[in-house]
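**Q**
Number of protein chains: 2
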Amino acid sequence: MPQHTTYELVELLKKELSEEQVTVNKTVRELHSKDESYHSPRLPDIVVFPKNTQDVSRILKISSQLRVPVVPFGLGSSLEGHVIPVEGGITIDFSLMNKVLEVLENDFLVKVQPGVTRSQLNKELKKYGLFFSVDPGADATLGGMVATNASGTTSVKYGVMRDQVRDLEVVLSDGMVIHTGNLAAKSSSGFHLNGLFTGSEGTLGCFTELTLRVYGIPEHVAAGRASFPTVQHAVEAVVSILQAGIPIARVELVDEPSIRQVNRFSDTHYLEKPTLFLEFHGNEAGLKQDVEFTQELVNGHDCEAIQFETDTASRNALWEARHNLAYAYIHGNPGRKMMVTDVCLPISELAGAVAHARKNVEDLGLTGGIVGHVGDGNFHVLLMLDMDNAEELDKANKLNEQIVLYALERGGTCTGEHGVGFGKQKYQQQEHGDALLVMEKIKRALDPNNLLNPGKIVRTDKKGAII
Amino acid sequence: MPQHTTYELVELLKKELSEEQVTVNKTVRELHSKDESYHSPRLPDIVVFPKNTQDVSRILKISSQLRVPVVPFGLGSSLEGHVIPVEGGITIDFSLMNKVLEVLENDFLVKVQPGVTRSQLNKELKKYGLFFSVDPGADATLGGMVATNASGTTSVKYGVMRDQVRDLEVVLSDGMVIHTGNLAAKSSSGFHLNGLFTGSEGTLGCFTELTLRVYGIPEHVAAGRASFPTVQHAVEAVVSILQAGIPIARVELVDEPSIRQVNRFSDTHYLEKPTLFLEFHGNEAGLKQDVEFTQELVNGHDCEAIQFETDTASRNALWEARHNLAYAYIHGNPGRKMMVTDVCLPISELAGAVAHARKNVEDLGLTGGIVGHVGDGNFHVLLMLDMDNAEELDKANKLNEQIVLYALERGGTCTGEHGVGFGKQKYQQQEHGDALLVMEKIKRALDPNNLLNPGKIVRTDKKGAII
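Taken in order, these protein sequences are the chains called A and B. Heads up: the first sequence begins at 1 in our numbering, then just goes up one per residue. Heads up: the second sequence begins at 1001 in our numbering, then just goes up one per residue.
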């Protein structure tokens, strides 16, 4: 039972921070009550805007002393309810901590505050001939991307968010500040805290500074589109490309309904067939050989048309269209909410999983597009839901479950890149078995009162304690 | 205080396993009392040889019930005392669990038992046109390599051991069996237990099955040697190669004294100058361009001679010579013990660190070679010590400390790939600060009685409890 009123808590926070950094304004709280998903909103009691690490430490000390839940918030682009404060309390909005602190160009590293967005970072890095590789659909904050271990179209070559993290400054549940890593390219010193905190979704601590790996902008880039008679043909072509050892930088599946959305939203005229968007990075001679070999391989899978973009503008247009796909669906379905499935499977199981998903979408009478980072074995079914139609919502939940169970039975995971939040919490026991108990022991050791983003990832009993 | 005699413990273990799997034979215990380092040996009380996961679970249940320390043991090739049972107890030797269980060639995965060595695995993988990338100097077991997060010459391209781990079957301190991952190429589901258990050096659990990533043998490979007037020139050339974005697969520094050892031990006739051993993987055209560009770059750093090996035999001889370097030193210094420093720094600090190390070796009047995985910023000083010469041992310890402190002050780590064991435990507080408290909380949560390889990584108080 809390020992304080919200009024007292606000006064305390204002004293420790400043007047204008603490608000109970309803509009602001509403903005922090939801993410981009179909999950039901819940208002936080208070929203605070820290300016530095010390502010965050002060907030967590108060939260810990008064037993108030805290939820870190980037831009609210999560897809499984991660930032929804299901037990109320304080939401920490990191939008004032949005500086690129240092570009260590010779070490291919960058230090940023958690509120920096990926496009903001890339704009800064471009001056140095560098880029940050991870590119989820949303222009998310980097803090949020670390929190969910986000990925995107380039992870098949450059890895996921966790692979980019060299060091995190983290404020723990009691306000203590630690660093989880260092600046060296590798280390065998102590437990891998970088890896543990990446993907912890605010349940183990709040990030206040991130040191991330960056890459030189590739000397040469080739991008193209390959169209196939069916999604199966496209997926099987990807398997061939990977097995041939071609170091592809991006390989994205966009199915027929999704290509139609792209064309409508982005004013493109791409062939409305199941399509692979492809990209290669490297030196000129190597690239040419990779592209030729890929053409041979896709032709062996009945590729109907393959088109390489020759100029930078067309290439950018292609990836912009791909990135805007979720927004194309939202734009094309006003008043509806998005549900996106997110399983990832071993590549040998991908074709079967996509066929299973497509059949189930049709059997349930739903309409949804299939897209995916197929080089990683990760695909999404995008559904636009009428939240007032209980039957439709029920069918969508059933589909999501069918897709998850299919993946789990075949060595896959319920979430390749969106994270658990509370939407995927119900599958944690089935996916991890007794390993979930280990996660819960770690959570209990680091957040004994379950105040850091409670209700996410690990299970909680009716009294709010970690199981 | 233990509630049992060793005799009783042996009887219990023999009952749970079988007569021939449990021994107190002194010769066997002596073989399990040490690793390849200068650290002082200590005999285990008992050595057991499990045949399967259930055996390991039974051993850990007994260890936990009777409060007996347990130390997992692969081949004893660790370099910081990892497998030395500093508190006695049971050593678990995994040599009977040495099967390659399954090659999932279409998924680029392999399932192995922990006692499989890297050369044994590569021999099996070759049949499928695949290889396992991580190659420490020793032909270590894969279980040991996961335990220390080992790496080697190829991590600049393929990553370290942790990057290869998809799933571990782990027996926890109470005998419970968990899986830390799955078969998918990426996942955002739950805390990153793969990463946490990799590099945990037997302090959090014992591995009984490993699912690891493997790679297609590259279509084309080019390898060569480039000699420079000084180590500084060589290191600066590496920085240029990395900054040019050339996707080099291996880049190893071998200094002048070390090249002499190589020539003597491996019967080669390499120019006795600071040398980079280089390797490139890729398609034919791309490789040619990479090699030409590299030649241009090294020439800009006063490269005195560059020689590419044209046939597979010479290429293999080159890497065999590099891998045998530590043994060349041991062979050339009979009766002496090896101390190897192992810092890793941001690449921009590498040239300074190597110069600092070389100067300190000379100032202290020691003789030692410098080698390194310089593409990662990781280098070693190899010292051959007369263990009866207290002054020499003292100087070597002083050098090791100077090198570690230099690295820590510049954002580096005290160990790039050898791990902590007890040799680097004294630097954990300085390197990790309060993050060490987090590691200790995790250790306490998973091994409350501190029975799993006690005395390694985390601090222990005088009563044997974790601090």
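We put the beta carbon where it would ideally sit given N, CA and C, even for glycine.
Check the C-beta distance from B:Glu1468 over to B:Gly1412 and give it rounded, since I have them as a contact under 8 Å.
**A** The structure shown does not extend to residue 1468 of chain B, since chain B is modelled only from 1001 to 1467, so the question has no answer here.
**Q** Verify whether the separation of the beta carbon atoms of A:Ala357 and A:Val340 is less than 8 Å.
**A** No, these two residues do not count as a Cβ contact at 8 Å.
**Q** Since B:Phe1280 is in the beta strand (DSSP E), which residue starts that stretch and which ends it?
**A** Thr1275 to Gly1282 is the span of the beta strand (DSSP E), which, as asked, contains B:Phe1280.
**Q** On the DSSP bridge assignment, give the partners of B:Ile1466 in chain order.
**A** Bridge partners of B:Ile1466: B:Thr1460.
**Q** What residue from B:Pro1050, B:Ile1090, B:Leu1066 and B:Lys1034 has the CA that sits closest to B:Ser1077's CA?
**A** Out of B:Pro1050, B:Ile1090, B:Leu1066 and B:Lys1034, B:Lys1034 has the C-alpha closest to the C-alpha of B:Ser1077.
**Q** When the Cα of A:Gly477 is compared with those of A:Gly300, A:Glu440, A:Gly143 and A:Asn389, which residue comes out closest?
**A** In this structure chain A extends from 1 to 467, so residue 477 of chain A is not present and cannot be described.
**Q** Does the contact criterion of 3 or more C-beta pairs under 8 Å hold for the segment 389-407 of chain A versus the segment 43-52 of chain A?
**A** Taking 8 Å as the limit for Cβ pairs, the verdict is that the segment 43-52 of chain A does not touch the segment 389-407 of chain A.
**Q** Measure the Cβ-Cβ separation of B:Met1384 and B:Tyr1329 and say whether it is below 8 Å.
**A** Going by C-beta atoms, B:Met1384 is nearer than 8 Å to B:Tyr1329.
**Q** Against A:Ser200, what residues of chain D qualify as contacts under a CB-to-CB distance less than 8 Å, listed in chain order?
**A** Chain labels in this structure do not include chain D; the protein chains are A and B.
**Q** Going by beta carbon distance, what residues of the same chain come within less than 7 Å of A:Tyr406, once the five residues before and after it are set aside?
**A** Counting only Cβ-Cβ distances below 7 Å, and skipping sequence neighbours, we find Ala353 and His356.
**Q** Would you call the CB atoms of B:Thr1275 and B:Arg1225 closer than 8 Å?
**A** Yes.
**Q** Taking the Cβ atom as the reference point for each residue, do A:Thr117 and A:Leu168 lie within a distance shorter than 8 Å?
**A** No; because the gap between Cβ atoms is not below 8 Å, this pair is not in contact.
**Q** Any Cβ of chain B within less than 8 Å of the Cβ of A:Gln243?
**A** Yes, its Cβ sits closer than 8 Å to a Cβ of chain B.
**Q** When you compare each of B:Ser1063, B:Val1298 and B:Val1420 to B:Gln1003 by their alpha carbons, which one comes out closest?
**A** Selected option, being the one with the closest Cα: B:Ser1063.
**Q** Let's test the definition: count the other Cβ atoms within 10 Å of the Cβ of B:Asn1025 and tell me whether it reaches 16, buried, or not, exposed.
**A** B:Asn1025 is exposed by the Cβ-count criterion.
**Q** Contact between the segment 180-199 of chain A and the segment 266-274 of chain A is defined here as three or more beta-carbon pairs at a separation below 8 Å; is this criterion met?
**A** Output reads no: the segment 266-274 of chain A does not touch the segment 180-199 of chain A.
**Q** Fully enclosed by the segment 1035-1067 of chain B, which beta strand (DSSP E) runs are 3 residues long or longer?
**A** Entirely contained in the segment 1035-1067 of chain B, the beta strand (DSSP E) runs reaching 3 residues are, in chain order, 1046-1048.
**Q** Using a Cβ cut-off of 8 Å (strictly closer), state whether B:Gln1289 contacts chain A.
**A** Chain A contact via Cβ: present.
**Q** For the segment 1114-1147 of chain B, which residues have a beta carbon sitting closer than 8 Å to at least one beta carbon of chain A?
**A** Listed by position, the residues of the segment 1114-1147 of chain B near chain A (Cβ gap below 8 Å) amount to none.
**Q** So what's A:Glu256 in DSSP terms, helix, strand or just coil?
**A** Helix at A:Glu256.
**Q** For B:Lys1443, count neighbouring C-beta atoms within 10 Å of its own C-beta (all shown protein chains included) and say buried if the count is 16 or more, exposed if not.
**A** Result: buried.
**Q** For the segment 1389-1422 of chain B, enumerate the residues whose C-beta is nearer than 9 Å to any C-beta of chain A, in chain order.
**A** Against chain A - using a Cβ distance shorter than 9 Å - the residues of the segment 1389-1422 of chain B are Ala1407, Leu1408, Arg1410, Gly1411, Gly1412, Thr1413, Cys1414, Thr1415, Gly1416, Glu1417, His1418, Gly1419 and Val1420.
**Q** Please go through the same chain and pick out, in chain order, the residues whose beta-carbon is closer than 6 Å to the beta-carbon of A:Asp474, but skip the five residues on each side of it.
**A** Residue coverage of chain A in this structure runs from 1 to 467, which leaves residue 474 of chain A outside it and unanswerable.
**Q** Using a Cβ-Cβ cut-off of 8 Å, state whether A:Ile178 counts as contacting chain B.
**A** Answer yes: the Cβ-Cβ gap between A:Ile178 and chain B drops below 8 Å somewhere.
**Q** Rounded C-beta distance between A:Leu364 and A:Leu399? I'm assuming under 8 Å.
**A** That pair is a contact at about 6 Å.
**Q** Against chain A, does B:Gln1428 count as a neighbour if the rule is that its beta carbon must be under 8 Å from one of theirs?
**A** Answer yes: the Cβ-Cβ gap between B:Gln1428 and chain A drops below 8 Å somewhere.
**Q** Using a Cβ-Cβ cut-off of 8 Å, state whether B:Asp1447 counts as contacting chain A.
**A** Cβ-Cβ to chain A under 8 Å: no for B:Asp1447.
**Q** Kindly indicate which residue of B:Thr1460, B:Leu1451 and B:Gly1464 has the alpha-carbon position closest to the one of B:Gln1065.
**A** The residue with the shortest Cα to Cα distance from B:Gln1065 is B:Leu1451.
**Q** If contact means a Cβ-Cβ distance below 9 Å, which residues of the segment 1353-1371 of chain B contact chain A?
**A** Those would be none; no residue qualifies.
**Q** Using beta-carbon positions only, say whether A:Val171 and A:Gly205 come within less than 8 Å of one another.
**A** It is a contact, given that the beta carbons lie within the stated cut-off.
**Q** Find out if the Cβ-Cβ distance for the pair B:Asp1376, A:Lys186 is shorter than 8 Å.
**A** Their beta carbons are under 8 Å apart, which means B:Asp1376 touches A:Lys186 by this criterion.
**Q** Could you confirm whether any beta carbon from chain A is found closer than 8 Å to the beta carbon of B:Cys1344?
**A** It does; some Cβ of chain A falls within 8 Å.
**Q** Buried or exposed for B:Asn1299, going by 16 or more other Cβ atoms inside 10 Å?
**A** It is exposed - the Cβ of B:Asn1299 has fewer than 16 other Cβ atoms within 10 Å.
**Q** For A:His338, which residues in chain B fall below 7 Å Cβ to Cβ?
**A** Reading off the sequence shown, one finds Met at residue 338 of chain A, where the question assumed His. Going along chain B, no residue has its Cβ under 7 Å from A:Met338, so there is no contact; the nearest lies around 18 Å.
**Q** Using alpha carbons as the reference points, say which of B:Gly1190, B:Glu1292 and B:Leu1366 lies closest to B:Thr1180.
**A** Residue B:Gly1190 is the option with its Cα nearest to B:Thr1180.
**Q** Considering Cα atoms alone, identify which of B:Thr1203, B:Gln1402, B:Gly1286 and B:Val1146 is closest to B:Pro1085.
**A** Ranking the options by Cα distance to B:Pro1085, first place goes to B:Thr1203.
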